[in-house]
Amino acid sequence: MKGEVSWSSEVYFTNVNYQAKKTIFLLFINSRLVESTRIKRAIENVYTGILPKGASPFVYLRSAICDTLQAKIAEKSHSRVFEYQTLLTGGIESSSQRNDKKRKEAPTETQTINDEEREEVSASLSGPKKVYSHHKVRTSLQDRTLDSMFPVVNPSQIGKGPAESNPQSQSLPRSREVKESECFLTSVTTLRNRILKGKHKLLTEILEKHTFVGIVDVDRCLSLIQYSTKLYLVNHGALAEELFYQLGLRHFGDFSRLKLEPPPSLRELVKIAVDAEEISEETSLSKPDIVDRIVKILHSRRSMLSEYFSLTISEDGLVQSLPLILRDYTPNLDKLPLFLMRLGPQVNWTSETECFESFLRELAYFYVPGPISSDPSIPTAIQHILFPAMRLCRTCTRFSKDADEDPRMNKD
């Protein structure tokens with residue numbers, strides 16, 4: 029651009045898309061870098077109505093003036109002041125404003141995009157979505173701990189020598205999945221179908237894919253498990269009882285045997301349990317009479333108990349073997365007297381279906397782990413035997429009151 033005096037200028041400046049915190053202004057006059065506060069202020073005035081508050085531009089200005097005017101330039105402190113600077117400043121400011129006006133009046137093209145394209149553009153600009161820590165699953169049910177690689181030793185096996193130990197316990201862990209035995213009894217088929225009909229999808233999924241966290245309360249049989257990103261406080265005693273009942277129903281007629289050496293007397297075991305109980309005032313039977321009745325019931329049905337449940341009672345009244353429900357897990361034999369005593373009054377011996385169901389319920393209760401303080405191997409058995417077996421149970425029924433009261437548990 030030209031004025032009344034012989035001078036020219038060339039300027040490069042940023043548009044509204046460029047925003048800096050501080051104005052960057054480079055001024056060259058006759059190829060020399062100089063400073064001019066007045067020209068800088070004029071440039072900033074041009075951008076005042078364009079840029080948002082707090083934003084500043086980048087401007088490169090190069091001017092050339094005639095030699096006559098150049099000779100009149102005088103130095104003052106660190107700034108260069110020259111004649112006709114008012115004229116030059118006004119010319120630069122007016123020229124910049126005209127260019128800005130042309131830019132605003134120029135036609136603009138507007139591109140419309142649909143919702144899908146808008147989502148793609150938004151996703152590309154925002155980058156990968158951040159996943160918060162409380163949404164991350166930090167554990168996997170496939171992970172193993174060091175103590176899970178060592179077999180669980182029951183107190184009854186501590187005194188055995190190397191020759192008497194089971195070689196299978198020294199081998200690699202095998203699958204604990206239990207196949208259903210073949211049984212053509214209508215009563216057993218009815219009980220198995222009853223479990224399938226009562227299957228709860230969410231409870232089953234939680235137990236199949238859970239991760240064991242730890243035992244919380246010993247006396248109340250409470251343990252903590254994790255499923256997905258949620259923690260669940262469960263009663264491992266109730267879960268174990270339901271597990272052993274279903275496993276017993278699957279094993280029906282094909283139980284492994286847990287041999288007792290030496291075999292104890294049935295009468296003596298029942299007598300121990302009866303003596304520990306208080307006799308109700310409603311009954312006229314004495315404790316010896318109660319012992320005789322229970323022993324008579326079990327002894328008269330010992331053939332059926334041995335065939336279906338592998339509970340072997342000899343002709344002399346000795347308990348030779350017990351049903352083994354879960355491999356590598358031995359029930360607390362201190363509960364054996366109570367188990368045998370309860371088989372008398374708690375089992376319905378008159379109905380086949382109810383007899384099998386009530387007997388398996390009592391057997392499951394016998395297998396539930398007792399207080400941890402009485403057996404230091406129980407915590408390891410709960411974590412590395414019982415809970416892994418629950419993953420293979422495949423069918424979890426709504427057997428607890430808490431499941432009925434939880435609205436989330438009622439969603440199938």
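Heads up: the sequence shown is residues 29 to 440, going by this note's numbering.
For every residue, glycine included, the Cβ atom is placed at its ideal position computed from N, Cα and C.
Non-local beta-carbon contacts of residue 336 in its own chain, meaning distances under 7 Å to residues more than five positions away in sequence, involve 280 and 281 in chain order.
Buried is the label assigned to residue 357, since at least 16 other Cβ atoms lie within 10 Å of its Cβ. Taking each of 349, 267 and 274 in turn and checking the Cα distance to residue 287, the smallest one comes out for 349. Excluding its 5 nearest sequence neighbours in each direction, residue 414 has C-beta neighbours in its own chain below 6 Å: 268, listed in chain order.
Note on the stretch 228-258: whole beta strand (DSSP E) runs with a minimum of 3 residues are 239-245 and 250-255, in chain order.
CA-CA distance, residue 409 to residue 217, rounds to 31 Å. Distances from the alpha-carbon of residue 284 to those of 351, 236, 330 and 333 put 351 closest. Beta bridge pairing from DSSP links residue 351 with 285. DSSP, read as helix, strand or coil, puts residue 83 in coil. Here residue 38 carries a strand assignment [DSSP, helix/strand/coil]. By alpha-carbon distance to residue 233, the top candidate from 302, 256 and 338 is 256. By the Cβ neighbour-count rule, residue 66 is exposed, with fewer than 16 other Cβ atoms within 10 Å of its own. Ranked by how close their Cα comes to the Cα of residue 343, the residues 230, 328 and 310 have 328 in first place. Residues 249 and 250 of the same chain have their beta carbon placed closer than 7 Å to that of residue 263, with the five preceding and five following residues left out of the count. In this structure, the alpha-carbon of residue 380 lies about 16 Å from that of residue 373. Here residue 273 has 388, 389 and 392 as same chain residues with Cβ atoms under 7 Å from its own Cβ, once five neighbours each way along the sequence are excluded. Given a length threshold of 3 residues, the stretch 350-419 has no whole run of the beta strand (DSSP E) inside it.
Under the DSSP assignment, residue 319 falls in the alpha helix (DSSP H) whose first and last residues are 315-328. Residue 260 has 253 as its beta-bridge partners, per DSSP.
Using a 10 angstroms sphere on the CB of residue 307, the tally of other CB atoms stays under 16, which defines it as exposed. For residue 311, DSSP records no beta bridge to any residue. As computed with DSSP, residue 293 is found in a beta bridge with 346. Across the structure, residue 384 and residue 259 are spaced so that their CA atoms are roughly 36 Å apart. Residue 411 and residue 386 have their C-alpha atoms spaced approximately 28 Å apart.
In the DSSP assignment, residue 62 falls within the beta strand (DSSP E) that extends over 60-62. Judged by DSSP secondary structure, residue 54 falls within the beta strand (DSSP E) whose first and last residues are 52-57.
Distance from the Cα of residue 239 is smallest, within the candidate group 38, 222, 368 and 254, for 254. If you draw a 10 Å sphere on the C-beta of residue 338, you find 16 or more other C-beta atoms in it, and that means buried.
Residue 347 places its beta carbon 9 Å or farther from that of residue 353. Boundaries of the alpha helix (DSSP H) harbouring residue 223: 214-225, taken from the DSSP string.
Here residue 46 carries a coil assignment [DSSP, helix/strand/coil].
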